[in-house]
Structure formats: structure tokens, C-alpha cells
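2 protein chains.
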Amino acid sequence: MAMAAVTELGAALRDLVDAAVRSTVDPAELTAAAAGAREITARLSTSQRPVHQLSALDDLASFRRVYNPVTGVGNPLAAPLAIRQEDDGVVADASFGSAYEGPPGYVHGGVSSLLMDQLLGAAAKAAGRWGMTARLELDYRRPVPLATPLVLRARMTEEAGRRTVTTGTIALADAPDQPLVAARGVFVAPRPDRTASYFRAVVDASGRQSPPVHPTDATALRRPGQEPA
Amino acid sequence: MAMAAVTELGAALRDLVDAAVRSTVDPAELTAAAAGAREITARLSTSQRPVHQLSALDDLASFRRVYNPVTGVGNPLAAPLAIRQEDDGVVADASFGSAYEGPPGYVHGGVSSLLMDQLLGAAAKAAGRWGMTARLELDYRRPVPLATPLVLRARMTEEAGRRTVTTGTIALADAPDQPLVAARGVFVAPRPDRTASYFRAVVDASGRQSPPVHPTDATALRRPGQEPA
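Protein chains in written order, with the numbering used here: chain Y, 100 to 328; chain G, 100 to 328.
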């Protein structure tokens with residue numbers, strides 16, 4: 100019930116963001132829309148979690164983060180990417196509208212890096228590893244077109260101690276073997292004392308201190324054949 | 100007038116996104132908010148530009164892109180960063196809320212890369228160069244806290260032919276010389292025939308074919324002492 104409502108609002112706001120970015124209505128209509136948005140904001144703001152409090156719908160044990168900016172169904176900034184486990188890695192299908200534009204007609208280069216950071220981290224998690232991003236490298240070979248079906252892939256290539264390396268690509272769904280963008284990520288699990296220090300302020304929805312042991316930003320992965328949550 | 104209305108709507112939707120991500124109201128209230136958002140979307144959607152049409156407020160000659168996902172005042176996904184020219188490079192102040200969260204309490208690593216791609220490109224432009232991102236590298240030294248004043252900097256370090264290299268950092272505003280994230284970008288201006296091919300579908304607000312000569316995604320830079328547009 101709560102998850103359905105969060106998902107519905109996330110989808111409605113995603114559509115609203117797209118409409119705002121593409122709208123060519125008169126300034127008076129834009130101003131009226133802004134007033135309407137402020138009314139909704141006021142109603143949603145009557146009860147809020149502080150910045151270090153997890154959502155009641157988050158489950159760090161299963162890596163579910165409903166407001167993640169790449170995969171979170173409740174976050175209007177997210178496509179959202181549904182990342183699934185497949186073969187020896189992870190894969191996601193996506194298509195991006197004008198809100199993600201960099202050069203005219205193409206996805207912003209930084210958006211590609213945002214997506215790949217998430218996907219590379221998910222590949223580490225799919226391999227039973229975890230870590231925070233220590234290094235991220237991207238090679239941009241061709242621009243990534245807007246409003247076009249894309250396929251994003253990543254898989255683990257190295258693991259040693261607290262360090263995991265994953266690589267991945269963004270390609271047209273029609274030409275999945277010709278990468279437009281190639282990426283490499285190095286993920287490092289901080290030492291337990293550092294993890295404890297980084298996350299000591301985190302509390303759960305009831306206000307209890309709740310520092311995560313594996314504080315990845317990845318969301319739950321769908322296993323092959325599993326339906327979306 | 101149009102710019103003021105676009106800016107007002109962008110700001111109102113940015114607040115709405117933040118409120119949605121932090122709200123702990125009942126599911127029924129979330130569903131009502133979604134219905135309200137859909138009404139606004141319907142009104143904004145009565146007149147829309149297609150994906151290859153620039154906004155009437157965009158000015159590629161002065162690099163103004165009002166819906167850029169990092170700097171665009173009209174884009175709810177954008178902070179928005181106000182990038183200004185300073186000393187030998189560019190600088191921006193920022194602070195990020197829960198919508199940009201990766202690990203609990205910290206900015207998503209991919210968001211840092213999104214920001215730095217924009218800033219590194221702006222540094223190339225500030226030096227009188229331009230290009231599309233060819234390579235992006237980020238070293239993450241410490242997590243970047245949410246809801247904390249940050250300072251982002253970038254400057255050009257190499258230029259040769261069609262290639263420009265810039266480097267930059269993200270740091271706490273209180274400790275600007277201790278980078279949390281260090282970044283390096285390589286920007287390459289495509290050959291004129293390739294540029295023409297990439298952007299041949301771009302039309303201006305009146306529908307005229309309008310392929311940009313320098314199709315950067317950077318927005319106008321503020322010169323020292325200049326007020327925001």
C-alpha cells in the first residue's frame with residue numbers, strides 16, 4: 100500500500116518533470132503550474148524525515164532504496180532503472196527524455212556516468228561483493244541519443260580483498276555489441292571502523308540508530324524470471 | 100517574462116521533488132499528491148516541443164541551456180549549479196538534499212560524476228575551448244555529505260588541437276583544499292563533418308533547422324562581479 104503510493108507519486112512527478120522541460124505553454128500557465136506545485140509541496144511537507152533518517156520502505160539488508168536517484172521508484176530524478184541479474188553480470192533497459200539532455204538531442208555525458216556508477220556497483224553486488232566507489236572511468240565513443248531504447252550492462256572483472264573492479268557499457272538496444280560508452284569502476288569496502296564512523300548518524304524510520312554494515316547505494320536486483328517488485 | 104516563469108516553475112518542482120522524497124505522510128496523501136501532479140502535467144502538455152527542438156529560451160551562441168540537468172534553472176533535476184568564472188578556472192557552490200542520496204547521508208557517487216562532467220566542460224569553455232566529453236575519470240577520496248555547503252572547482256590543464264584536458268575537485272566549503280572527489284576530463288571537438296552529422300536533426304523554436312557549430316552542453320558562465328541572469 101505505502102509502496103504502491105510512493106511508486107505512483109514517483110511516476111506522476113517523473114511525468115511532470117518531463118512535461119515541464121518540454122512545455123511551450125504561455126508564461127501565465129507556467130506560473131499557474133508553479134502555484135499548483137507549491138500547494139502539493141505544502142501538503143507533502145506536513146510530515147518529513149530528516150536527512151539522516153532512512154525511509155520506512157528502505158531495507159538495507161536487501162539493498163532496497165526506494166529514493167535512489169538512479170533506480171528509486173519514488174525518486175522523480177530516476178529513470179528509474181530496473182537492474183536485473185543476467186548471465187555473468189547485470190543489465191538494464193532504458194530510454195531518456197529531454198530532462199536528461201546534454202548536447203542537443205543527446206544524453207548528458209554526466210548522466211551516462213551517473214547511470215554507470217550505479218550499474219557498476221550493482222555488478223559488484225551481483226557477484227556477492229560490495230564497496231563504495233573509489234574510482235570511476237568512462238570512455239565516450241559516440242553520443243547517446245535521447246528517446247531511443249538503450250541497453251546498459253556491467254560485470255565483475257577483478258576481486259581482491261576489499262577491492263572489486265567492474266566494467267560495463269551503454270549501447271543502443273538495436274546494436275548491443277557496439278558500445279557508445281565504456282565504463283570501469285573500482286569499489287572498495289571501507290574498514291569496519293571507518294564504515295562505523297561514516298554512518299553513525301543514520302537512523303531508521305522509527306528513529307533508532309541504524310548504521311548499515313554494507314552501506315551500498317544499490318537497489319534490489321531482480322533475479323532471472325522474477326517480476327518487478 | 101518567459102524566463103522568470105520557467106525559473107519559477109523549475110524552483111517549485113525542485114522543492115516538490117525534495118518534499119516527495121522526504122515526505123512521510125499517509126499513502127492516501129501521496130496518492131492525492133500524484134493526482135494533483137497529473138493535473139498539472141496535463142495542463143503543461145497542451146503544447147510541447149519535440150525532442151530535437153531547442154527551447155525558445157536556449158541560446159547556443161551564448162551557451163545558454165535553460166533545461167540542462169546540472170545547471171538549467173528550468174530543470175527540476177538540476178541543483179541548479181551556478182558556475183562562475185574565477186581566477187584561472189570555474190567555481191560553483193552547492194548543497195544537495197535527499198533526492199541526490201547514494202549511501203545513507205551522502206551524495207550518490209554518480210551524482211558527483213554528473214556534476215564534475217559539467218564543471219570540467221565549463222572549464223574548457225572558460226578557457227576559450229570546447230568539446231564533447233571523450234573521457235572522464237574520478238577518484239573518490241571521502242564521501243560527500245548531503246545538506247552541507249560544498250565548493251566545486253575546475254580549470255584547464257592541457258590543450259592541443261581539438262583536445263582539451265581539465266581537472267577539478269569537490270570539497271567541503273569549509274575545507275576547500277582537501278578534495279573529497281578529484282576529477283579529470285578530456286574533451287574533444289568532433290570534426291566539422293561529424294558535428295554536422297550528429298546535430299543535423301536539431302531545430303530551433305520556430306522549427307528551422309539549427310545545427311549548432313559548438314554543441315556544448317555548458318550553460319552561460321557568470322563573469323566575476325556579474326549578477327545571475
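Cβ atoms here follow ideal geometry from the backbone N, Cα and C, with glycine treated the same way.
Cβ pair residue i, residue j closer than 9 Å
| i | j | result |
| --- | --- | --- |
| residue 147(Y) | residue 301(Y) | no |
| residue 168(Y) | residue 119(G) | no |
| residue 193(Y) | residue 248(Y) | yes |
| residue 284(Y) | residue 236(Y) | yes |
| residue 204(Y) | residue 297(G) | yes |
| residue 195(Y) | residue 245(Y) | yes |
| residue 282(Y) | residue 253(Y) | yes |
| residue 108(G) | residue 141(Y) | no |
| residue 165(G) | residue 156(G) | yes |
| residue 288(Y) | residue 230(Y) | yes |
| residue 279(Y) | residue 241(Y) | yes |
| residue 121(Y) | residue 111(G) | no |
| residue 123(Y) | residue 309(G) | no |
| residue 218(Y) | residue 180(Y) | yes |
| residue 206(G) | residue 243(G) | yes |
| residue 268(G) | residue 239(Y) | no |
Residue i classed as buried or exposed, judged by whether at least 16 other C-beta atoms fall within 10 angstroms
| i | result |
| --- | --- |
| residue 311(Y) | buried |
| residue 116(G) | buried |
| residue 114(G) | buried |
| residue 208(Y) | buried |
| residue 191(Y) | buried |
| residue 202(G) | buried |
| residue 171(Y) | buried |
| residue 163(G) | buried |
| residue 272(G) | exposed |
| residue 257(Y) | exposed |
| residue 145(Y) | exposed |
| residue 259(G) | exposed |
| residue 295(Y) | exposed |
| residue 328(Y) | Annotation note: pLDDT 43 at residue 328(Y) (below 50); position unreliable, coordinate value reported separately. Counting Cβ neighbours within 10 Å, residue 328(Y) comes out exposed, since fewer than 16 surround it. |
Simplified DSSP assignment, three categories, for residue i
| i | result |
| --- | --- |
| residue 217(G) | helix |
| residue 163(Y) | strand |
| residue 269(Y) | strand |
| residue 145(Y) | coil |
| residue 206(G) | strand |
| residue 201(G) | coil |
| residue 187(Y) | coil |
| residue 252(Y) | strand |
| residue 105(Y) | helix |
| residue 126(Y) | helix |
| residue 134(Y) | helix |
| residue 116(Y) | helix |
| residue 226(Y) | coil |
| residue 232(Y) | strand |
| residue 110(Y) | helix |
| residue 170(G) | coil |
| residue 312(G) | coil |
| residue 262(G) | strand |
| residue 327(Y) | Here residue 327(Y) scores only 48 on pLDDT, less than 50, and its place in the model should not be relied on; the value that follows carries that caveat. In this structure, residue 327(Y) counts as coil in the three-state DSSP scheme. |
Cβ of residue i within 9 Å of any chain A Cβ
| i | result |
| --- | --- |
| residue 133(Y) | The chain labelled as chain A is not found among the protein chains of the depicted structure, namely Y and G. |
So does the stretch 212 to 223 of chain Y actually touch the stretch 174 to 184 of chain G, counting three or more Cβ pairs closer than 8 Å? no
So, does the stretch 104 to 116 of chain Y touch the stretch 118 to 131 of chain G, judging by three or more C-beta pairs under 8 Å? yes
Enumerated in chain order, which unbroken segments of the alpha helix (DSSP H) with a length of 4 residues or greater are wholly contained in the stretch 274 to 303 of chain G? 291 to 297
Looking at C-beta atoms only, is the number of pairs between the stretch 255 to 274 of chain Y and the stretch 222 to 234 of chain Y that lie closer than 8 Å three or more? yes
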